[in-house]
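Q: Mapping of the sequence shown onto our numbering: position 215 corresponds to residue 1001, and the numbering continues sequentially without gaps. Glycine included, every Cβ here is placed at the ideal spot set by N, Cα and C.
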Amino acid sequence: MHLPLPRPLTHDREATVSPSRSHVRDLVIAYLERNPAEVRSLAPLLRDLEAEGDPARGSMSAGHVTCSAVVVDRERRVLHVRHEGGGTFVAPGGQVEEGDRTLAGAALRVAHEVAGIPPGALCATARFSTVPLDIAVHDIDTDPAEGGATERHYDFRFAFCLADTDTDAADAAAAAEVSPRSAKVSGARWRPFDGVASPTLRIKLADSDLDGRIESLNASALIHDDQGRYLLHLRDDRPDIWAPGAWALLGGGREPADGSLAETVRRELREEAGLEPAALDPFDVESATGTDGTTVPVQVFAGRWNGDPADLDLTEGVMLAWFHPETMPRLRLSPSTLELVRRHAAARPEAPSAARTTAERVPRAGNGSVPHIVGVHLYLEQDGKVLLGLRHPDSAYAGSTHHFLAGHCEQESAVSCLVREAREEAGLRIAPEDLELAHLVHMVDEPGGQPRMGIVFRARRWEGTPVVREPDRCLSWGWWPADDLPDPVVPYARAAIEGIRAGRPYTELGWT
């Protein structure tokens, strides 16, 4: 699934060049393709977007860019708020601020700040997911203290619907928890389309098919084989994509040429991996969180394929690999995707029996060898105390137990993996040259089980204070006396700490 983020928008009043200028211009051009009669009113803005100046601030001669959120419920009503001191009820709107990556993101932030509706309570609409529903042009009288001049505003209005599909339409306002948070807002109400305050927005809504219903805009593929394994895609570790550096299903967003979401998922499989399963059937709808914080319904299709991922022509991401469901909790993987796989595995009549022997569950590399899972672990010591994290109680491994900062090696070196995990899990910055090998733990949970090698590195130096960056996996970080560790601690972590303090380089656990 690919939900790219446009380049960040800067909003300092002193800025002279906006990095999002092309983003704003592209929005205007796409809007005019649908609304060609408005080219005359938007021509001054387009001319300014070709020159220097920040479109989010008043540095352009044509005017000032603002954003509004048009929130539609399932009774075809639109959320309106009234600002302090009376006046007209209008859609929540405001200025773009520092930190807004896109204009749509600014509209989402305003909806939260003004009306108390968080992005996760909203979904993008099918037709207006990338294009404003309306761009209104109007003149505003500025504060007399600032000169009292008239300022032209270009208000980009983005359409959203409520994400809670289980809520009765009559309770839409309560479901979205509309509660004005700004002291400048004195009330909120839902108005039918023909009662919308803005004339241009009223016309656009009347001509639209918006009815508040949620429609999936993305599709993904749950590919499985006859051995009960599932195909996962390791995504690039880049900040401008959804779930960077994590394992995910193949898939992506619907494009204009796609006749259906089934066509979307087949196109994505061809483009990403050259994969064309014989059949793909709708399985379920997964709710993901988009890069802008909104809820993204994803139609999941299931299909069977028996092949070697190494033979596929991967064009995006790092690698493809097969995994059994019982192995997936060890991966950096969305909890909703893990639950999706488990539901599918439980429903498969042909799924391999859970009574398989341990030896059958362990994949063999050939010639009698057995692959080992390699995990890296960070030993940080400060004033005689060791850094440990308290794992989330719902963690698939060692819930409510203290453990090292740790991770499993992917297609990377052990040192690179630990540097990445330290940054992702706790916000710590460690230079590779500041890591030294402190201990090895070779273990199995039970005789004949999957072997694992735990590599423990000591950091001589680091930057930053540990913070919780993955709250679904770790509840807190704490420094504990090395001779008085908390209870419980992951057994092999305790064994490694004891080995390091005793000067032993190696420990074995679970072997007979």
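Just to check my reading of the structure: L831 and V858 have Cβ atoms closer than 8 Å, yes? What is that Cβ distance to the nearest angstrom?
A: Actually they are not in contact, since the Cβ atoms of L831 and V858 sit about 26 Å apart, beyond 8 Å.
Q: Let me know the alpha helix (DSSP H) ranges lying completely inside the stretch 1230-1257, each 4 residues or longer, listed in chain order.
A: Counting whole runs of 4 or more residues, the stretch 1230-1257 contains no alpha helix (DSSP H) stretch at all.
Q: Using DSSP with H/G/I as helix, E/B as strand and the rest coil, what is R938?
A: Strand, per DSSP.
Q: Roughly how many whole angstroms lie between the Cα atoms of S1262 and R1255?
A: So the two alpha carbons sit approximately 10 Å from each other.
Q: Under the DSSP definition of a beta bridge, which residues are partnered with F1087?
A: In DSSP, F1087 forms a bridge with A1007, P1068.
Q: What whole-angstrom Cβ distance do L1018 and A1034 have, given they're in contact under 8 Å?
A: That belief holds up - the Cβ atoms of L1018 and A1034 are roughly 7 Å apart, short of 8 Å.
Q: Exposed or buried, what is E1057 when buried is set at 16 or more other beta-carbons lying within 10 Å of its beta-carbon?
A: When all chains shown are included, E1057 counts as exposed.
Q: For E1219, which of E884, L1119, R1247, I903 has the nearest alpha-carbon?
A: For E1219, the nearest C-alpha among the options comes from R1247.
Q: Using C-beta distances below 6 Å, list every residue in its chain close to P878, excluding the 5 sequence neighbours before and after it, in chain order.
A: Answer for P878: A855, V867, V896, A897, V900, A901, listed in chain order.
Q: Just mark A1279 as buried or exposed, buried being the case when its beta carbon has 16 or more other beta carbons within 10 Å.
A: It is buried - the Cβ of A1279 has at least 16 other Cβ atoms within 10 Å.
Q: Can you tell me which residues form a DSSP beta bridge with V814?
A: In the DSSP output, where bridge partners are listed per residue, V814 has none listed.
Q: Decide if R799 is buried, meaning its Cβ has at least 16 other Cβ atoms within 10 Å, or exposed.
A: Unreliable placement is indicated for R799, whose pLDDT of 32 sits below 50; the coordinate value is still reported in the next sentence. By the neighbour-count rule (16 or more Cβ atoms within 10 Å), R799 is not buried but exposed.
Q: Take K1171 as the anchor and find which of P1267, G1193, S1202 has the nearest alpha-carbon.
A: The residue with the shortest Cα to Cα distance from K1171 is P1267.
Q: Since L1191 and L1176 are thought to touch, with beta carbons under 8 Å apart, how far apart are those beta carbons, to the nearest angstrom?
A: So it is not a contact: roughly 12 Å between Cβ atoms.
Q: Can you tell me the Cα-Cα spacing of G1285 and T1293, whole angstroms?
A: In a straight line, the C-alpha of G1285 is about 7 Å away from that of T1293.
Q: For W1297, count neighbouring Cβ atoms within 10 angstroms of its own Cβ and tell me buried if that reaches 16, exposed if not.
A: The residue in question, W1297, is exposed, as its Cβ has fewer than 16 Cβ neighbours within 10 Å.
Q: If you drop the 5 nearest sequence neighbours on each side, which residues of the same chain put their C-beta closer than 8 Å to that of E1062?
A: Once the five neighbours on either side are set aside, the close Cβ partners of E1062 are R1052, L1055, R1056.
Q: Hey, could you find the ends of the alpha helix (DSSP H) A890 is sitting in?
A: Counting along the chain, the alpha helix (DSSP H) containing A890 begins and ends at 889-901.
Q: Taking only three categories from DSSP, how would you classify L987?
A: Reduced to three states, the DSSP call for L987 is helix.
Q: Give the range of the beta strand (DSSP E) segment to which Y1016 is assigned.
A: Taken as a continuous stretch (DSSP letters only), the beta strand (DSSP E) holding Y1016 covers 1016-1020.
Q: Looking at the secondary structure, which residues open and close the beta strand (DSSP E) in which G1038 lies?
A: Element bounds for G1038: 1036-1039.
Q: According to DSSP, is T1075 helix, strand or coil?
A: In this structure, T1075 counts as strand in the three-state DSSP scheme.
Q: Could you give the residue range of the beta strand (DSSP E) that holds Y1165?
A: Its beta strand (DSSP E) spans residues 1159-1165.
Q: For Q1085, does the count of other Cβ atoms within 10 angstroms reach 16, so buried, or fall short, so exposed?
A: With 16 or more other Cβ atoms within 10 Å, it is buried.
Q: Touching or not, the stretch 996-1010 and the stretch 909-916, by the rule of three or more beta carbon pairs under 8 Å?
A: Segments in contact, yes.
Q: DSSP has R943 in a bridge; who is on the other side?
A: According to DSSP, which records beta bridges pairwise, R943 is partnered with S854, D920.
Q: Taking only three categories from DSSP, how would you classify H1178?
A: DSSP places H1178 in coil when its eight states are reduced to three.
Q: Give the range of the alpha helix (DSSP H) segment to which L832 is assigned.
A: Where L832 is concerned, the enclosing alpha helix (DSSP H) stretches over 825-835.
Q: In whole angstroms, what separates the C-alpha of R826 from that of D1044?
A: Each residue's Cα considered, the two are about 32 Å apart.
Q: Just list the residues that DSSP pairs S1262 with in beta bridges.
A: Its beta-bridge partners are L1176.
Q: Any contact of the stretch 1077-1095 with the stretch 979-999, i.e. 3+ C-beta pairs under 8 Å?
A: They do not touch, by the three-pair rule.
Q: T888: buried (16+ other C-beta within 10 angstroms of its C-beta) or exposed?
A: When all chains shown are included, T888 counts as buried.
Q: Please classify F1243 as buried or exposed, where buried requires at least 16 neighbouring CB atoms within 10 angstroms.
A: Answer is buried; the Cβ neighbour count reaches 16.
Q: Rounded to the nearest angstrom, how far is the Cβ of A890 from that of D1026, given a contact under 8 Å?
A: Contact flag wrong, Cβ pair sits at about 15 Å.
Q: If we call anything under 8 Å between Cβ atoms a contact, is A1065 one with G1037?
A: The answer is no: Cβ separation not under 8 Å.
Q: Could you please give the first and the last residue of the uninterrupted beta strand (DSSP E) stretch that includes Y1292?
A: Per DSSP, Y1292 belongs to the beta strand (DSSP E) from 1292-1295.
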